Amino acid sequence: MATEHAPTTAGASASTDGVSAKVPAEGAPVQAPAASAAPTVKKRRWPWIVVGVVAAIVAAIWLIPAIHTALTTVSTDDAYVNSHVTFVAPRVAGQVVSVLVDDNNRVRKGDLLVQLDKQPFASSQSTTTRTRTRYSSACR
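If you count by my numbering, then the sequence shown holds residues 100 to 239, one letter each, in order.
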């Protein structure tokens, strides 16, 4: 049994297998099913949001120290300095006999850094003692 189908016009109803469907006009926008596609898109979106947030946290954990190091490290082709630099000023003048620390050694407050020659201090100490003795004898 052969049936002939007449060509349908734009906006006309067509029936196939007992189901009626409206054929859209040529150039008219095709509408997607309303309820079935929207929930699946939202369900699939949240894992990507979680992956993006986790990736941003991992990138921040790695990049912040790297940027901090890059901004605080002073370097040249020959040498680098990556520490707190403190100027050391003596309390007294004297000749240095020995230096007790090496380059890049960590030092703390109170550590002995250099040893000075004792001879100038011994002579100045004896001079101070003699001056005090003379003063005390003159005051009596």
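Beta carbons: idealized from backbone N, C-alpha and C, even for Gly.
As the structure is a prediction and not an experimental result, all values here were calculated from the model.
Should residue i and residue j be called a contact, given that it needs their Cβ atoms to be closer than 8 Å?
| i | j | result |
| --- | --- | --- |
| Gln214 | Val196 | yes |
| Asp216 | Gly193 | yes |
Starting from the C-beta of residue i, find all residues in its chain whose C-beta is less than 8 Å away, skip the five residues before and the five after it, and write them out in chain order.
| i | result |
| --- | --- |
| Val206 | Val200, Leu212 |
What did DSSP end up calling residue i once you bin it into helix, strand or coil?
| i | result |
| --- | --- |
| Gly110 | With a pLDDT of only 49 at Gly110, under the threshold of 50, the placement of this residue in the model should not be trusted; the figure read from the coordinates follows. Of the three classes helix, strand and coil, the one that applies to Gly110 here is coil, per DSSP. |
| Val153 | helix |
Just reading off the beta strand (DSSP E) that residue i is part of, what are its end residues?
| i | result |
| --- | --- |
| Val213 | 213-215 |
| Arg198 | It should be noted that the sequence gives Val, not Arg, for residue 198. Unbroken beta strand (DSSP E) run through Val198: 195-198. |
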